[in-house]
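Participant:
2 protein chains.
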Amino acid sequence: MEQVLSENNLVISIDAMGGDKSPKVVIEGLALAHKRNPDIRFLVYGDKPKVTAEIDKFPALKDVCQIFHTEEFVHNEDKPSHVIRNRETSMYKAVEAVKNGEAMAVVSAGNTGALMAISKLLLKTIQKIHRPAIISIMPHINGRYVMLDLGANTECDGINLAEFAIMGNIFAKYSLGIEQPRVALMNIGAEEMKGKGEIHVAAHIIKNTHLNLNFIGYIEPHEIPNDKADVVVADGFSGNIALKSVEGTSQLLMRLIKKSVKQSFLAKIGLPFMFGAMKKLKKTMDPRLYNGAMFVGLNGLSVKSHGGTDAFGFSIAVENAARLVRKDFVGSIRRELENIDLDELSQEACYEVY
Amino acid sequence: MEQVLSENNLVISIDAMGGDKSPKVVIEGLALAHKRNPDIRFLVYGDKPKVTAEIDKFPALKDVCQIFHTEEFVHNEDKPSHVIRNRETSMYKAVEAVKNGEAMAVVSAGNTGALMAISKLLLKTIQKIHRPAIISIMPHINGRYVMLDLGANTECDGINLAEFAIMGNIFAKYSLGIEQPRVALMNIGAEEMKGKGEIHVAAHIIKNTHLNLNFIGYIEPHEIPNDKADVVVADGFSGNIALKSVEGTSQLLMRLIKKSVKQSFLAKIGLPFMFGAMKKLKKTMDPRLYNGAMFVGLNGLSVKSHGGTDAFGFSIAVENAARLVRKDFVGSIRRELENIDLDELSQEACYEVY
Chain R
27 MEQVLSENNL
37 VISIDAMGGD
47 KSPKVVIEGL
57 ALAHKRNPDI
67 RFLVYGDKPK
77 VTAEIDKFPA
87 LKDVCQIFHT
97 EEFVHNEDKP
107 SHVIRNRETS
117 MYKAVEAVKN
127 GEAMAVVSAG
137 NTGALMAISK
147 LLLKTIQKIH
157 RPAIISIMPH
167 INGRYVMLDL
177 GANTECDGIN
187 LAEFAIMGNI
197 FAKYSLGIEQ
207 PRVALMNIGA
217 EEMKGKGEIH
227 VAAHIIKNTH
237 LNLNFIGYIE
247 PHEIPNDKAD
257 VVVADGFSGN
267 IALKSVEGTS
277 QLLMRLIKKS
287 VKQSFLAKIG
297 LPFMFGAMKK
307 LKKTMDPRLY
317 NGAMFVGLNG
327 LSVKSHGGTD
337 AFGFSIAVEN
347 AARLVRKDFV
357 GSIRRELENI
367 DLDELSQEAC
377 YEVY
Chain D
27 MEQVLSENNL
37 VISIDAMGGD
47 KSPKVVIEGL
57 ALAHKRNPDI
67 RFLVYGDKPK
77 VTAEIDKFPA
87 LKDVCQIFHT
97 EEFVHNEDKP
107 SHVIRNRETS
117 MYKAVEAVKN
127 GEAMAVVSAG
137 NTGALMAISK
147 LLLKTIQKIH
157 RPAIISIMPH
167 INGRYVMLDL
177 GANTECDGIN
187 LAEFAIMGNI
197 FAKYSLGIEQ
207 PRVALMNIGA
217 EEMKGKGEIH
227 VAAHIIKNTH
237 LNLNFIGYIE
247 PHEIPNDKAD
257 VVVADGFSGN
267 IALKSVEGTS
277 QLLMRLIKKS
287 VKQSFLAKIG
297 LPFMFGAMKK
307 LKKTMDPRLY
317 NGAMFVGLNG
327 LSVKSHGGTD
337 AFGFSIAVEN
347 AARLVRKDFV
357 GSIRRELENI
367 DLDELSQEAC
377 YEVY
């Protein structure tokens, strides 16, 4: 068990009690992640008897897990303001492990608002970053892009958006392996003066940061799937609207396809021929492949797995976290910001725009 | 020709020079609309020789058209501020016909910003309405809903959103034939305090208007396709983001389906069996069926047809306009607002929310 805390290991803390079928799905997810990443060690927080019973099913996993018993856990309907006052939950303890330097990242499939609140409280925002954001990987026609903020900040100013661009750029480099990610601000028109003032301010700041950021300007949502940008930056309200519109439309189309196939005798005959193609399509759009929304901008990585995902989906969230830890994502953001005074740049930009 | 101006006729003015293939597509669209609606008469503005040459192809249409020559027309790249100063364009003249009471609605497939600017300038906003909005019909799993604002107002306060709800409600009644449309405010959560302040204010105002508005609260974008609301109200920025995300995702999925079918030998064999089902799906999602975004809140109807649509799409936009004229849409909004003091309600609501 001592090896868990050895410095050479990549250690991730796990809230075993979050998500619809916890701790079963969580532990199965760890077993999958362990198979592909034997070097990761887990600090697992939750109801010890239940967690142990699940881990016992995977002897190999057992060796890389240290289980910490917690009596309590966060419920889906718990309010963030309430949750941050209870230090005895599995979620709180798991985040605390990152704060104490015992783990480098935390993964939870629990209540999003609660995880965000606890993570902000314990990990604190990186110096020079004003607001953390939620980022996720999404599919486009030829591959993947990242989008932020997906809902952490309902209202954002130009400086917030510029910081999201900086963090999204590093995230895309490490997560997608793109050397010079194309960074764009989401807007309702491509022309310079279209949309909101804060977006224009952000564009001004980004152009002047000399960060070697490959800034390509504004992008409209219907262009995003056409492989036009690798990082899409938005305020949390618009980003969330875009994300959920994509989700709703995908489901609508899939349901409409099923409906029209059902109503067509011929289509039912043709259906067996389509299985291979449909399987491939489903694989591209499989939400499990994009599981693991991350809170970026904090002194430590906090990853939210979808509450309804399965073991494979949870393992993807764990691997996303591991990938960023290996690249020292948090340290990279700090270094990137070392020589930049975003506040000053923001003042200049506001002067230009307004 | 005199019959064109007779009071018993439903008269619509047409900007014949807007859109990608004008005036050809526009006139072919009128011919289609005429076949299904022989009572509509058209005032057609544009290059007379060109327009006449097209109309001559449809002898029946000829009888219900009056052509007015204009030397100039609005280009796609023209700025609204520039366009409103030129009174000699086909678009300006067509809108002016509504202002002068010669027509009850105008349809143009030209530059959206220009049509909006000219329409606002000439038709003016309905008394008691603070901001006109862009509304359109969209598909959900079982039928159709309406959504506004789709981009006329980048920033909105609570009172604007409440007005959109009132106008959207009447629009859904007349356009979709729904007696008690379910009206919802688009938001990033279903809980009362989620999202932006102006949305909370709007909810307060709507609850207190005693309009017999069937207000169902907040709706998240992924729930919209599930037949949960008939009227979705949003600020113009978020509405436009949602609309374009839906558009982008539909296109992405269609392209991914084609891609995976292409790469599968079996799928190619099965493809002929699928034609019927795919045709049905295409018909449900056919953007031409939803053509005709309308500026609501003005003293007269102004309809923007998609610039790239074909004759069938243009005819749908014309029919949408005719349907609302027949129901006296503009008069209905005025009557609905007669006994309401939205400004006062807004002050009360702001006091409650902030």
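Note that the protein sequences, when read in sequence, are chains R and D. Under our numbering, think of the first position of the first sequence as 27, with each following residue one higher. Under our numbering, think of the first position of the second sequence as 27, with each following residue one higher. Yeah, the Cβ is synthetic: ideal placement off N, Cα and C, and Gly gets one too.
What residues match up with Glu98 (chain R) in a beta bridge as DSSP calls it?
Facilitator: The residue you call residue 98 (chain R) lines up with position 72 of the first sequence. Answer by DSSP bridge pairing, in chain order: R:Thr115.
Participant: Does the beta carbon of Leu31 (chain D) sit closer than 9 Å to a beta carbon anywhere in chain R?
Facilitator: Counting from one through the second sequence, the residue named residue 31 (chain D) turns up at place 5. The predicted position of Leu31 (chain D) is uncertain, since its pLDDT is 41 and thus under 50; no value can be drawn from it.
Participant: By a C-beta neighbour count over all protein chains shown, 10 Å radius and 16 as the cutoff for buried, is Asp369 (chain R) buried or exposed?
Facilitator: Along the first sequence, read from residue 1 onward, the residue named residue 369 (chain R) stands at position 343. Exposed is the call here.
Participant: Within 10 angstroms of its Cβ, does Arg361 (chain R) collect 16 or more other Cβ (buried), or is it exposed?
Facilitator: In the first sequence, the residue the question calls residue 361 (chain R) occupies position 335. The residue in question, Arg361 (chain R), is exposed, as its Cβ has fewer than 16 Cβ neighbours within 10 Å.
Participant: Within a Cβ cutoff of 7 Å, which residues of the same chain sit near Glu33 (chain R), ignoring the five residues on either side of it in sequence?
Facilitator: Here the question's residue 33 (chain R) lines up with position 7 in the first sequence. Here Glu33 (chain R) scores only 49 on pLDDT, less than 50, and its place in the model should not be relied on; the value that follows carries that caveat. Excluding residues within five positions, none has a Cβ falling inside 7 Å.
Participant: For chain D, check one thing: does any of its Cβ atoms lie closer than 9 Å to the Cβ of Ser271 (chain R)?
Facilitator: Along the first sequence, read from residue 1 onward, the residue named residue 271 (chain R) stands at position 245. It does: the Cβ of Ser271 (chain R) has a partner Cβ on chain D nearer than 9 Å.
Participant: How long is the line joining the alpha carbons of Ala191 (chain D) and Met320 (chain D), rounded to whole angstroms?
Facilitator: Along the second sequence, one-based indexing puts residue 191 (chain D) at 165. Along the second sequence, one-based indexing puts residue 320 (chain D) at 294. Between Ala191 (chain D) and Met320 (chain D), the C-alpha separation is close to 15 Å.
Participant: Taking the alpha-carbon of Ile160 (chain R) as reference, which of R:Tyr377, R:Ile366 and R:Leu327 has the nearest alpha-carbon?
Facilitator: Working through the first sequence from its first residue, we reach residue 160 (chain R) at position 134. Per the Cα distances, R:Leu327.
Participant: When the distance is taken between beta carbons, is Val124 (chain D) closer than 9 Å to Asn112 (chain D)?
Facilitator: Your numbering for residue 112 (chain D) matches position 86 in the second sequence. Your numbering for residue 124 (chain D) matches position 98 in the second sequence. Not a contact, by the Cβ cut-off of 9 Å.
Participant: Locate the beta strand (DSSP E) running through His166 (chain D), then write down its first and last residues.
Facilitator: The sequence position of residue 166 (chain D) within the second sequence is 140, counting from 1. Its beta strand (DSSP E) spans residues Ala159 to His166.
Participant: Have a look at R:Arg67, R:Thr78 and R:Tyr171 and flag the residue whose alpha-carbon is nearest the alpha-carbon of Lys199 (chain R).
Facilitator: Here residue 199 (chain R) refers to the residue found at position 173 of the first sequence. Lys199 (chain R) has its Cα closest to that of R:Tyr171, out of R:Arg67, R:Thr78 and R:Tyr171.
Participant: Rounded to whole angstroms, what's the CA-CA distance from Pro251 (chain D) to His166 (chain D)? Just pull it up for me.
Facilitator: Taking the second sequence and counting its residues from 1, the one referred to as residue 251 (chain D) is at position 225. Taking the second sequence and counting its residues from 1, the one referred to as residue 166 (chain D) is at position 140. Straight-line Cα distance between these residues: approximately 4 Å.
Participant: Per DSSP, Asn63 (chain R) forms a beta bridge with which residues?
Facilitator: On the first sequence, residue 63 (chain R) is found 37 positions in, with the first residue counted as 1. Answer is none; Asn63 (chain R) lacks a bridge partner.
Participant: In chain R, what lies closer than 7 Å to Val287 (chain D) by C-beta?
Facilitator: Numbered from its first residue, the second sequence carries residue 287 (chain D) at position 261. Those are Ala303, listed as they occur along chain R.
Participant: Counting only Cβ-Cβ distances shorter than 9 Å, please list the residues of the region 237-262 of chain R near chain D, keeping chain order.
Facilitator: Cβ contacts with chain D come from Glu246, Pro247, His248, Glu249, Ile250, Pro251, Asn252, Ala260 and Gly262.
Participant: What are the boundary residues of the alpha helix (DSSP H) that includes Asp369 (chain D)?
Facilitator: As a position in the second sequence, residue 369 (chain D) is number 343, starting the count at 1. Taken as a continuous stretch (DSSP letters only), the alpha helix (DSSP H) holding Asp369 (chain D) covers Leu368 to Val379.
Participant: What does Asn266 (chain R) reach in chain D if we use C-beta pairs closer than 7 Å?
Facilitator: Counting from one through the first sequence, the residue named residue 266 (chain R) turns up at place 240. Those within 7 Å of Asn266 (chain R) in chain D are Ile214.
Participant: In whole angstroms, what separates the C-alpha of Glu114 (chain D) from that of Ile242 (chain R)?
Facilitator: Stepping through the second sequence from its first residue, residue 114 (chain D) is reached at position 88. Stepping through the first sequence from its first residue, residue 242 (chain R) is reached at position 216. Those two C-alpha atoms are separated by around 38 Å.
Participant: Quick one, which residues of the region 216-232 of chain D are near chain C if we go by CB-CB under 8 Å, in chain order?
Facilitator: Protein chains R and D are contained in the structure displayed, whereas chain C is not.
Participant: Grouping DSSP H, G and I as helix and E and B as strand, with all else coil, what is Thr151 (chain D)?
Facilitator: Looking up residue 151 (chain D) in the second sequence gives position 125. Here Thr151 (chain D) sits in strand by DSSP.
Participant: Out of curiosity, what's the CA-to-CA distance linking Val259 (chain D) and Val227 (chain D)?
Facilitator: Within the second sequence, residue 259 (chain D) is the residue found at index 233, counting from 1. Within the second sequence, residue 227 (chain D) is the residue found at index 201, counting from 1. Roughly 13 Å between the two C-alpha positions.
Participant: From R:Glu80, R:Asn213 and R:Lys76, pick the residue whose C-alpha is nearest to that of Glu26 (chain R); which is it?
Facilitator: As displayed, chain R neither begins before 27 nor continues past 380, which places residue 26 (chain R) out of reach and without an answer.
Participant: Is there at least one Cβ from chain D nearer than 9 Å to Gly177 (chain R)'s Cβ?
Facilitator: Stepping through the first sequence from its first residue, residue 177 (chain R) is reached at position 151. For Gly177 (chain R), the answer is yes, since a Cβ of chain D falls inside 9 Å of its Cβ.
Participant: Along the region 147-164 of chain R, what residues have a CB closer than 8 Å to any CB found in chain D?
Facilitator: Taking 8 Å as the Cβ-Cβ cut-off against chain D, none of the residues of the region 147-164 of chain R qualify.
Participant: Consult DSSP for Gln29 (chain R) and reduce its assignment to one of helix, strand or coil.
Facilitator: The sequence position of residue 29 (chain R) within the first sequence is 3, counting from 1. Note that Gln29 (chain R) has pLDDT 39, beneath the 50 cutoff, so the model's placement of it is unreliable and the number below is only indicative. In this structure, Gln29 (chain R) counts as helix in the three-state DSSP scheme.
Participant: Using the three-state DSSP reduction, which class does Phe84 (chain D) fall into: helix, strand or coil?
Facilitator: Position 58 of the second sequence holds residue 84 (chain D). In this structure, Phe84 (chain D) counts as coil in the three-state DSSP scheme.
Participant: Less than 9 Å between the C-beta atoms of Ala178 (chain R) and Gly262 (chain R), yes or no?
Facilitator: Here residue 178 (chain R) is taken as the residue at index 152 of the first sequence, counted from 1. Here residue 262 (chain R) is taken as the residue at index 236 of the first sequence, counted from 1. In this structure, Gly262 (chain R) lies closer than 9 Å to Ala178 (chain R) by Cβ.
Participant: For chain D, check one thing: does any of its Cβ atoms lie closer than 9 Å to the Cβ of Ile40 (chain R)?
Facilitator: Position 14 of the first sequence, counted from the start, is the residue given in the question as residue 40 (chain R). It does not; no Cβ of chain D falls within 9 Å.
Participant: Consider the Cβ of Ser276 (chain D): report whether some Cβ of chain R lies at a distance smaller than 9 Å.
Facilitator: In the second sequence, the residue the question calls residue 276 (chain D) occupies position 250. Yes, Ser276 (chain D) counts as interfacial toward chain R.
Participant: Check whether the region 136-149 of chain R touches the region 32-51 of chain R, taking contact to mean three or more Cβ pairs, one atom from each stretch, closer than 8 Å.
Facilitator: The region 136-149 of chain R vs the region 32-51 of chain R: in contact.
Participant: Looking at C-alpha atoms only, which residue of R:Ser271, R:Ser290, R:Ala59 and R:Met300 is the closest neighbour of Leu37 (chain R)?
Facilitator: One-based indexing of the first sequence puts residue 37 (chain R) at position 11. First, the amino acid is wrong: residue 37 (chain R) is Val here, not Leu. Out of R:Ser271, R:Ser290, R:Ala59 and R:Met300, R:Ala59 has the C-alpha closest to the C-alpha of Val37 (chain R).
Participant: Please report the residue range of the alpha helix (DSSP H) in which Val90 (chain R) lies.
Facilitator: Here residue 90 (chain R) refers to the residue found at position 64 of the first sequence. Element bounds for Val90 (chain R): n/a, residue is neither H nor E.
Participant: Please name the residue, chosen from D:Leu307, D:Lys308, D:Val287 and D:Lys306, that lies closest to Pro298 (chain R) on a Cα-to-Cα basis.
Facilitator: In the first sequence, the residue the question calls residue 298 (chain R) occupies position 272. That would be D:Val287, whose Cα lies nearest to the Cα of Pro298 (chain R).
Participant: Could you round the C-beta distance between Lys74 (chain D) and Ile93 (chain D) to whole angstroms and report it? I think they count as a contact, below 8 Å.
Facilitator: Stepping through the second sequence from its first residue, residue 74 (chain D) is reached at position 48. Stepping through the second sequence from its first residue, residue 93 (chain D) is reached at position 67. About 6 Å separates the two Cβ atoms, so the contact holds.
Participant: Here's a check: name, in chain order, each residue in its chain whose Cβ is nearer than 7 Å to the Cβ of Gly223 (chain R), leaving out the five neighbours to either side.
Facilitator: Within the first sequence, the letter at position 197 stands for residue 223 (chain R). Closer than 7 Å at the Cβ level, and outside the excluded window around Gly223 (chain R), lie Val379 and Tyr380.
Participant: Only counting runs of 3 or more residues, tell me where the beta strand (DSSP E) segments fall wholly within the region 214-247 of chain D, in order along the chain.
Facilitator: Runs of the beta strand (DSSP E) inside the region 214-247 of chain D: 240-245.
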